[in-house]
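Heads up: the structure comes next, in structure tokens.
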Amino acid sequence: MFHQSLAAGQYDAIYDRAAPAFKASLNRYDSAKLLATVHIKMGDCKTPAGALSFFTNTNTSATNVQLRYHLACINGALDETLVYVTTDDGPRLVRFGFSSPAPILN
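In numbering that gives the first Met the number 0, the protein residues as written are 0 to 105.
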């Protein structure tokens, strides 16, 4: 869902579905600006077939899942780390990390 929303430019929808921890670290405007920058500068990316790796951490208060992706984009490769927390309403984005060897994002 994240990658489809990013490709469609639905940055507010990503923010609206995110966990409170994500919203506490980034306001709506800055979130949209960050996501748009990645999307515009990297160009269209192929939707990953699956995560390269994942890590799950469960404790008494929550379950967090970290997913790592490597995407082929028009302007180079993009590595992503997405962290989700599980809730009664489904998974909610906690953190979006990215890096690229392409000089576009540096």
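Just so it is clear, CB atoms sit at the ideal spot from N, CA and C, and this is done for glycine as well.
query, result
"Sequence-distant residues of its chain with Cβ nearer than 6 Å to alanine 61 (five each side left out)", "Val84"
"For phenylalanine 1 and leucine 81, believed in contact at Cβ under 8 Å, the rounded distance", "6 Å"
"Alpha carbon of isoleucine 73 to alpha carbon of threonine 55, nearest angstrom", "31 Å"
"Whole-angstrom distance between aspartate 78 and proline 100, CA atom to CA atom", "9 Å"
"Test: aspartate 29 CB closer than 8 Å to a CB of chain D", "In the structure shown, chain D cannot be found, because there is only a single protein chain."
"Outcome for alanine 90 when other beta-carbon atoms lying within 10 angstroms are tallied against a minimum of 16", "According to the sequence shown, residue 90 is proline rather than alanine. The residue in question, proline 90, is buried, as its Cβ has 16 or more Cβ neighbours within 10 Å."
"Proximity below 8 Å, CB of tyrosine 68 to CB of leucine 51", "yes"
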